[in-house]
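Numbering-wise (our numbering), the sequence shown opens with residue 20 and increments by one. For glycine and all other residues, C-beta sits at the position ideal for the given N, C-alpha and C.
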Amino acid sequence: MDKELEQQIAAFMSEELAKGTSLSQLHGMVNEKFQTHLTYMEIRIIASELQVDWNANDPKAIAAAKEKAKKEEEARAAEAEAAMAAENGAVPAGDAPGKCVVTVNKVNPPGILASGTVTFSSGSTADWYVDQTGRPGIGNLKGEQPTQQEAEEFMVELQKVLR
């Protein structure tokens, strides 16, 4: 195949891929339009060399991007609200007396996905961790054993801070 024809095919493929055309559809279109007999693999090789946003028309990628943007916006709003409350001398809800407060360490020990400390509503404190299998655990408890309700509050707060 000569260079000029290859460039024409690449330009055509780039346009069609941007429209959301699949590679299998493109295979037939290229062979018909340019009167060639390229294999599907050759079409894939040409497509791999194109500068195409492969996620532009993928519904899962679009939904994931929207969800990420939504969470980032919610986080910015929460930060702004907390900053405004701090300026006004208010205590953030998570730091109010009698509430479960969970903090996250910036650096984790080997084999641990996440770790930090927890202060239960009773005043007891402990270190917490989430291991490589995703199981949470508590160690180094100071004070009384947490009640079932405190343990449930901890799990809710833990999920919030790990999001």
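For residue i, three-class secondary structure by DSSP
i	result
residue 85	helix
residue 161	strand
residue 41	coil
residue 126	coil
residue 143	coil
residue 169	helix
Cβ-based burial, residue i [other Cβ within 10 Å; buried from 16]
i	result
residue 64	exposed
Nearest-angstrom beta carbon gap, residue j and residue i [assumed within contact, 8 Å]
i	j	result
residue 142	residue 162	6 Å
residue 149	residue 132	5 Å
residue 28	residue 46	About 11 Å; that fails the 8 Å criterion.
residue 122	residue 135	5 Å
Bridge partner(s) assigned by DSSP for residue i
i	result
residue 133	149
residue 138	120, 144
Exercise for the section: Within the region 47-77, note down every full alpha helix (DSSP H) run reaching 4 residues or more, in order along the chain. Expected result: 59-67
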